[in-house]
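Structure record follows, encoded as structure tokens.
In the numbering used here, the protein residues as written are 6 to 158.
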């Protein structure tokens with residue numbers, strides 16, 4: 006299938022495993038160059054090598070925690086330096102727990118807020134100007150099934 010995405014650039018958070026990796030694989034098959042952001046360096050770099058080799062696209066991996074503003078800045082800077090910006094942003098990084106609102110401490114709630122909300126805001130804010138300069142872009146926010154089907158407590 007040709008989605009006419011060849012030589013576009015996609016930034017994918019949570020890109021070394023699960024849904025993020027599956028999206029990266031699909032985009033790489035379409036000729037999209039990739040910036041993968043994930044926390045686990047070893048797994049990330051293994052997938053970077055595999056995707057680049059399998060699909061003949063440029064792939065960079067950045068080991069970061071996008072819940073941290075400084076790490077988001079690193080993703081934006083690396084994307085700009087390597088590719089001149091991005092055409093696609095897929096905010097996919099996420100985590101959770103089975104704790105109730107009564108059990109989880111404020112620090113955990115703050116981390117979840119920074120990871121699930123502020124990371125998406127910061128990445129969109131950082132990459133949208135290059136999308137505009139390139140003639141447009143796409144920003145996708147992936148959410149957990151827990152948004153519609155809460156975990157059992």
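By construction, the Cβ of each residue, glycine as well, lies at the ideal position given by its N, Cα and C atoms.
| field | Nearest-angstrom Cα separation, counted from residue 19 out to residue 143 | value | One C-alpha to the other measures close to 17 Å.
| said: Can you check which of these residues, 28, 54, 37, 22, is closest to residue 9 by C-alpha distance? | reply: Selected option, being the one with the closest Cα: 37.
| Where residue 131 and residue 92 are concerned, what is the direct C-alpha to C-alpha distance, given to the nearest angstrom? | Spanning the alpha carbons of residue 131 and residue 92 requires a straight line of approximately 12 Å.
| residue 24 lies in the alpha helix (DSSP H); which residues open and close that run? | Counting along the chain, the alpha helix (DSSP H) containing residue 24 begins and ends at 23-34.
| said: Could you check whether residue 96 and residue 28 sit closer than 8 Å to each other, using their CB atoms as the reference points? | reply: Using a Cβ distance threshold of 8 Å, residue 28 and residue 96 do not count as a contacting pair.
| Would you call the region 121-140 and the region 74-92 touching, i.e. three or more CB-CB distances under 8 Å? | At 8 Å Cβ cutoff, the stretches touch.
| query | Of the choices 16, 54, 68, whose alpha-carbon is the least far from that of residue 84? | reply | Measuring from the Cα of residue 84, the nearest candidate turns out to be 16.
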